[in-house]
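In our numbering, the protein residues as written are 4 to 213. Beta carbons are placed, not taken as given, at the ideal position from N, Cα and C, and that holds for glycine. Read the structure below first, then the notes.
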Ligand SMILES: [Fe+2]
């Protein structure tokens, strides 16, 4: 038995985005729900294996595999909540001049344009994964990173402030595989910069139910 409450699927009101169809979003929400379900299920199964205070030797291979999968499922759940949470209907544009987000970007990269070019280029890297802009809680600096699958490349302790899914399921119903750049521009045209700014300092939860 797990001693913690299971995670609940969060709802996101994202219909009528620009360049990302409702059909894509519906399919994507279902995939996200699978990560929530699997995170809860794995947590439950692992709790069952350790309920006696130790893992029996014959159960160790199963325990190891469940733990390995837990990182994949957990990050899949969390990153999708960041991703959907930084999109909005009627979003887009750029961070406001002299806003704290704009200042953080300019302090870290010199200009918004250089930061955006770096972030978009991370998103165009070959393979499936995520482009993530993190804030270092120690220096307050922002940096852009590539995360393979869901769990390889996350920077420990850094706060995700902007998260972009570049698995092909995020855009393949709307664009050709070779058109990832068009999807990335569509992603930016739906950006909720207010949420991104509120994530600075690590004070905003990664997603809120709507
Ligand atoms: Fe995804």
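Pull up the CB-CB distance for residue 94 and residue 194, whole angstroms please, since I reckon it's below 8 Å.
-> 5 Å
Beta strand (DSSP E) containing residue 148: first to last residue?
-> 145–151
Buried or exposed by the 16-neighbour rule on C-beta atoms within 10 Å, applied to residue 111 | buried
Rounded C-alpha distance that separates residue 204 from residue 76 | 26 Å
Taking one C-beta from the region 18–30 and one from the region 174–193 each time, how about it: are there three or more such pairs within less than 8 Å?
-> yes
Please write down, chain order preserved, every residue whose beta carbon lies under 6 Å from a heavy atom of ligand 1.
-> 31, 34, 83, 168, 170, 172, 173
Cutoff 7 Å; reference residue 192; Cβ partners in own chain excluding five residues on either side = 21, 22, 95
Check whether the region 37–56 touches the region 155–173, counting contact only when three or more Cβ pairs, one atom from each stretch, lie closer than 8 Å.
-> no
Starting from residue 165, follow its DSSP beta bridges and name the residues at the other end.
-> 136
Any chance the region 77–91 sits against the region 104–123, with 3 or more Cβ pairs inside 8 Å?
-> no
Given 8 Å as the limit, is there contact between the region 158–166 and the region 61–73, that is, 3 or more CB pairs closer than that?
-> no
Using the rule of at least 16 other Cβ atoms within 10 Å of the residue's Cβ for burial, across every protein chain shown, is residue 173 buried or exposed?
-> buried
Determine the direct distance from the alpha carbon of residue 159 to that of residue 181, and round the result to whole angstroms.
-> 32 Å
Continuous alpha helix (DSSP H) stretch holding residue 77: start and end = 63–88
Where residue 118 and residue 147 are concerned, what is the direct C-alpha to C-alpha distance, given to the nearest angstrom?
-> 8 Å
Identify, in the order they occur along the chain, each residue of the same chain with its Cβ nearer than 6 Å to the Cβ of residue 206, setting aside the five sequence neighbours on each side.
-> none
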